[in-house]
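**Student:**
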Amino acid sequence: MILVFFVLFLLVWRFAFKTRKSKEETRKVMLTVTHEMRSPLSAIKDYARKISGLDDATDESKRYADLIVDTSKGLTSMIDSFLVYSKLANGKATVKERPFRMMDIAEQLKMEYEPFAAKKQLELSVNNKADGVVNGDKEKVLTIGRNLLSNAIKYTGKGEIVLSTTYKNGVFMLMVKDTGTGLDDKQQKQIFKEFARLGNAVTQPGFGLGLSIVKNLVSLMKGKIDVSSHQGLGSIFTISLPMAAAEKQNVEPTQYRTKRQDSFTVIAIDDSHVQLSTIREAFTSNGIVCDTCNNATDLLDMMRKKSYDLLITDLKMAEVNGIEILEMMRMVNVRNSKTIPVVVMTAAPNVSEQELLDAGFVACLFKPMSDKDLINTARKCVNGKIAEKQIDFSMLLTYGTEKETLENFVKEMTDTLGSIRNAAKEENRKKMSDAIHHARSSWMMVQSDESLNHLFDLIEDSTSSDDVINQAVEDVFAHGEAIIKAAQKKIEEVTV
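Going from the sequence shown to the working numbering is simple: count from 1 and add 40.
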């Protein structure tokens, strides 16, 4: 099926050019095809991931599923680039300015493209000197950076790629330097044309729209592009965009930085390449570092070199199962292996969540799972673990009967979490603010008010998006539930 879509796409594209249709007619044909392909491609990719995630999937079926997913991703990327180009070419794109931290640009681009560079054994270096808050369209700046980095990685066989950002005299500058094939003078005049496919691009996927998109976006934002390139020596693309400094320089962190602020490190083990790729992408897009491996030996080697806050394992794998991984963690003495929280994933219909929790896992994820479920479960496990370490009931228990005080505290905590949850569902920031204000003193008494204060600060800032606030709400719940659990354990201790 995916081959049929791909061939159809290429045939339509070639037909448009062979019949010498106008650019406008070509765009219309391509736009129709791309829109029609998006939904089935997404479905094909999702089904392939589900096939690969099945516990009884054979190695051969997993390999084919991997190929389907990789091909789907490539086609989806091509389609998305054409849709962006079409919007720009039709004059429907607009600049949406709002305050953003310039530091976020290079940080996010590095996080997104470091894995692609590493896959080709290229070094991606970042020289991030753009500090402060400016008014601009952050998403369009990121799109420019993505296209430049994608091209640099695509056409660089060995060496390094350098991403640099600076800000001076009201101009934000983004530079991408590579040690790739380079361009001669004639090629430099052609690269920004739509559907440009130079000699060195024949074997590369895409429609030749990346740099055309960059040019149109830069023009839309009244900036300029400079290119310095020599064949065999690489290229340097420098983008200059006028951006005024924002009046409010202490603006709350953007969604990306908020995620980075609470970031933790994850390691995942599975014998499915597709499943590992999906997990890594989900965490990376949320600003969380995630490393992956497909066997127990590599898992231990990676844990010896680096500390992780969470381990995610598949239940059924060819060489070792998830329970054996958990037992191995508790037996060996590699960094925090004896205490690291372990989450298990499974598609097995004959095992219950309680069985897996009783086995020692901190949480269970049933396949197929959404990115949201994966991230929320990870945050809950990690933040809950941190919260347990921080809780101190000594101040709370200074006066009154311990059991009664703790029971009242648990009731108040439960009511508070309920109020915050209801207000979040209603997207009522005023109600959330009131609930937090009422609960602050109690959380402060057990020295666990950091997540609550962070949520309050976000609510008070009108620039905070609903997604950022919802993420902070989940963090508050993770801490709150950990506090309640610790209080209930304390009640059992004082009752005995």
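Think of the CB as a built atom: it goes at the ideal place given N, C-alpha and C, for glycine as much as any other residue. Since this is a predicted model, take the numbers as computed values, not measurements.
1) Closest by CA to THR24, which one among PRO155, GLY274, GLU367 and ASP99?
2) Can you find the residues in the same chain that come closer than 7 Å, C-beta to C-beta, to LYS150, ignoring five residues on each side of it along the sequence?
3) Under the DSSP definition of a beta bridge, which residues are partnered with SER473?
4) Looking only at its chain, what residues have a beta carbon closer than 7 Å to the beta carbon of LYS262, apart from the 5 residues adjacent to it on each side?
5) Is it the case that the Cβ atoms of ALA133 and LEU260 are separated by a distance below 8 Å?
6) Taking the continuous alpha helix (DSSP H) assigned at ALA518, which residues delimit it?
7) Whose C-beta lies closer than 7 Å to the C-beta of GLN528 among residues of the same chain, with five residues either side of it excluded?
8) Compute the distance between the beta-carbons of ASP177 and ILE201, then report whether it is under 8 Å.
9) Does any residue of chain B bring its CB to less than 8 Å from the CB of ALA157?
10) So, using beta-carbon positions, are LEU492 and VAL516 closer together than 8 Å?
11) For the alpha helix (DSSP H) containing THR337, list its first residue and its last residue.
12) Just to confirm, are LEU498 and ALA518 a CB contact at a threshold of 8 Å?
13) For VAL450, which of helix, strand or coil comes out of DSSP?
14) Could you check whether the region 367-383 touches the region 337-344, counting it as contact only if at least three pairs of C-beta atoms, one from each stretch, sit closer than 8 Å?
15) Measure the C-alpha to C-alpha separation of ASP539 and HIS313 and round it to an integer number of angstroms.
16) Would you call GLY520 buried or exposed, if buried means 16 or more other Cβ atoms sit within 10 Å of its Cβ?
17) Please report the residue range of the alpha helix (DSSP H) in which MET215 lies.
18) Have a look at ALA285 and ILE265 and give me their C-alpha separation to the nearest angstrom.
19) Could you check the C-alpha separation between ILE363 and LEU414 for me, to the nearest Å?
20) Taking only the alpha-carbon atoms, compute the straight-line gap between PRO381 and VAL267 and give it to the nearest angstrom.
21) Per the contact definition of three or more C-beta pairs closer than 8 Å, is the region 389-408 in contact with the region 443-461?
**Tutor:** This is what the structure gives:
1) Outside the displayed range of the chain (41 to 536) lies residue 24, so it cannot be described from this structure.
2) As a first step, residue 150 is located in the sequence shown; it is residue number 110 there, counting from the start. Scanning its chain for C-beta atoms nearer than 7 Å, with the 5 sequence neighbours on each side dropped, one finds around LYS150 the residues LEU164, VAL166 and LEU203, in chain order.
3) The sequence position of residue 473 within the sequence shown is 433, counting from 1. The partner list for SER473 (beta bridge, DSSP) is empty, contrary to what the question assumes.
4) The sequence position of residue 262 within the sequence shown is 222, counting from 1. Contacts found: PRO282.
5) Along the sequence shown, read from residue 1 onward, the residue named residue 133 stands at position 93. Along the sequence shown, read from residue 1 onward, the residue named residue 260 stands at position 220. Contact flag set, yes.
6) For the purposes of this step, residue 518 is identified with residue 478 of the sequence shown, where counting begins at 1. That run of the alpha helix (DSSP H) goes 506-535.
7) The sequence position of residue 528 within the sequence shown is 488, counting from 1. The beta carbon of GLN528 is closer than 7 Å to those of VAL450 in its chain, skipping five residues each way along the sequence.
8) What you label residue 177 is simply residue 137 of the sequence shown in a count that begins at 1. What you label residue 201 is simply residue 161 of the sequence shown in a count that begins at 1. Against a cut-off of 8 Å, the Cβ pair of ILE201 and ASP177 comes out as no contact.
9) Here there is only one protein chain, and chain B is not present.
10) Your numbering for residue 492 matches position 452 in the sequence shown. Your numbering for residue 516 matches position 476 in the sequence shown. In this structure, VAL516 lies closer than 8 Å to LEU492 by Cβ.
11) As a working note, residue 337 is residue 297 in the sequence shown. THR337 -> alpha helix (DSSP H) spans 336-345.
12) Start at 1 with the first residue of the sequence shown, and residue 498 comes out as number 458. Start at 1 with the first residue of the sequence shown, and residue 518 comes out as number 478. Not in contact: LEU498 and ALA518 (Cβ atoms no closer than 8 Å).
13) Sequence index remark: in the sequence shown, residue 450 carries index 410 (1-based). Helix at VAL450.
14) Touching, per the Cβ criterion.
15) A query on residue 539 cannot be resolved here, the shown segment of the chain reaching from 41 to 536 and no further.
16) Taking the sequence shown and counting its residues from 1, the one referred to as residue 520 is at position 480. Under this definition GLY520 is a buried residue.
17) Residue numbering aside, residue 215 sits at position 175 when the sequence shown is read from its first letter. No alpha helix (DSSP H) contains MET215, which is instead part of the beta strand (DSSP E) from 211-218.
18) Residue numbering aside, residue 285 sits at position 245 when the sequence shown is read from its first letter. Residue numbering aside, residue 265 sits at position 225 when the sequence shown is read from its first letter. The C-alpha of ILE265 is placed about 21 Å away from the C-alpha of ALA285.
19) As a first step, residue 363 must be located in the sequence shown, where it is residue number 323. As a first step, residue 414 must be located in the sequence shown, where it is residue number 374. Their Cα atoms are separated by approximately 19 Å.
20) Numbered from 1 along the sequence shown, position 341 holds the residue referred to as residue 381. Numbered from 1 along the sequence shown, position 227 holds the residue referred to as residue 267. Roughly 49 Å between the two C-alpha positions.
21) Contact fails between the region 443-461 and the region 389-408, because fewer than three Cβ pairs, one in each stretch, are under 8 Å apart.
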